[in-house]
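Remarks on the structure that follows.
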Amino acid sequence: MPILAAAAPDEASGIVTNVVDGDTFDLRIDKTDPRIIYEIERVRLADVDSPEMSTPEGEPAKVFATDTLLGQRVWLDIDNTSGDGRDPYNRLLAVVYLEDLNGTINTSHPFNRMLVDAGFAVVKNFTNNEFDPAAWWGNATTEPEPDEVNETATTTTEGQFVGSTKSDKYHYPSCRWAEKILPENEIWFASSEEARAAGYIPCGVCNPP
246 MPILAAAAPD EASGIVTNVV DGDTFDLRID KTDPRIIYEI ERVRLADVDS PEMSTPEGEP
306 AKVFATDTLL GQRVWLDIDN TSGDGRDPYN RLLAVVYLED LNGTINTSHP FNRMLVDAGF
366 AVVKNFTNNE FDPAAWWGNA TTEPEPDEVN ETATTTTEGQ FVGSTKSDKY HYPSCRWAEK
426 ILPENEIWFA SSEEARAAGY IPCGVCNPP
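Numbered by the working numbering, the letters in the sequence shown go through residues 246 to 454 in order.
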């Protein structure tokens, strides 16, 4: 078996110009890699699967991806198993990382994981690429099974939604604003109804129900 290269979250980067659906988007490249051949590349998230746009669940997944990615700089760890880093549809196959407010790549929470944590994708651990989805959750848990995706937030945190005692917003745990809440200020809710009953309102970035 060939030895795969270590994860490299900065092989290419750019600004997201269009979101096709929950797991596919277009990226205007500014940091390139030898496998980049177009100014705007279509990127497919590795090892996750979002609902098709023809289903009722497709639009909410696209909205979540759009709110999180559109206009943002992201970084790619491109699959090294195939010579050109592409799937059969000529899309770059990658683990996708966002930047934090300091411009640092957030390697602990790839967007692939965020999409699953938010309930808008399931893990599909394909063996034809280099990635191991379980690594996205570190030692906290094993990778979620596809039919457990709606319980991910509960099993990997203390509740389905999180807020701050210093704010009146509640978030998905994967929201970039939720990740900035200090542990001592966290307040967890089992449901959106519980959060609203406590006087909290939905975050305008991750848009929980």
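By construction, the Cβ of each residue, glycine as well, lies at the ideal position given by its N, Cα and C atoms.
How far does the alpha helix (DSSP H) with PHE309 in it reach, from first residue to last?
303-314
Counted within 10 angstroms of its Cβ, other Cβ atoms place ALA435 as buried (16 or more) or exposed
exposed
What is the rounded straight-line gap between the Cα of PRO378 and the Cα of LEU337?
17 Å
Give the single residue among LYS307, ILE281, ILE426, GLY408 whose Cα lies nearest to the Cα of LEU321.
ILE281
Best match in ASP329, SER258, LYS414, ARG421 for proximity to ALA442 [C-alpha to C-alpha]
LYS414
With C-beta atoms as the reference, is SER258 less than 8 Å away from VAL319?
yes
DSSP three-state assignment for PRO279, whether helix, strand or coil:
coil
Mind checking ASN430: buried by the 16 CB within 10 Å criterion, or exposed?
exposed
Out of ASP312, GLU302, MET298, SER327, which has the shortest C-alpha to C-alpha gap to LEU343?
ASP312
So the beta strand (DSSP E) VAL340 belongs to, where does it begin and stop?
337-343
At what residues does the beta strand (DSSP E) containing LEU290 begin and finish?
285-290
Going by alpha carbons, who is nearest to GLY383 out of ARG273, SER327, PRO355?
PRO355
Considering only the alpha carbon of each residue, which of ASP271, VAL407, ASN325, ALA291 lies closest to LEU314?
ASP271
Contact under 8 Å by Cβ, ARG287 with ASP268
no
Identify, in the order they occur along the chain, each residue of the same chain with its Cβ nearer than 6 Å to the Cβ of GLU438, setting aside the five sequence neighbours on each side.
none
Let's test the definition: count the other Cβ atoms within 10 Å of the Cβ of SER353 and tell me whether it reaches 16, buried, or not, exposed.
exposed
Closest by CA to TYR417, which one among PHE406, ILE426, THR410?
PHE406
What are the start and end residues of the beta strand (DSSP E) that includes LEU346?
Careful: LEU346 lies outside any beta strand (DSSP E) and carries neither H nor E.
Quick one: residues in its chain with C-beta nearer than 7 Å to the C-beta of GLY330, no 5 flanking neighbours on either side, listed in chain order?
ARG280, ILE323, ASP324, LEU337, LEU338
Express the C-alpha separation of PRO254 and VAL367 in angstroms, rounding to a whole number.
22 Å
Where do the N-terminal and C-terminal ends of the alpha helix (DSSP H) with PHE365 fall, by residue?
Here PHE365 belongs to no alpha helix (DSSP H), and DSSP marks it neither H nor E.
Could you check the C-alpha separation between ASN374 and PRO333 for me, to the nearest Å?
12 Å
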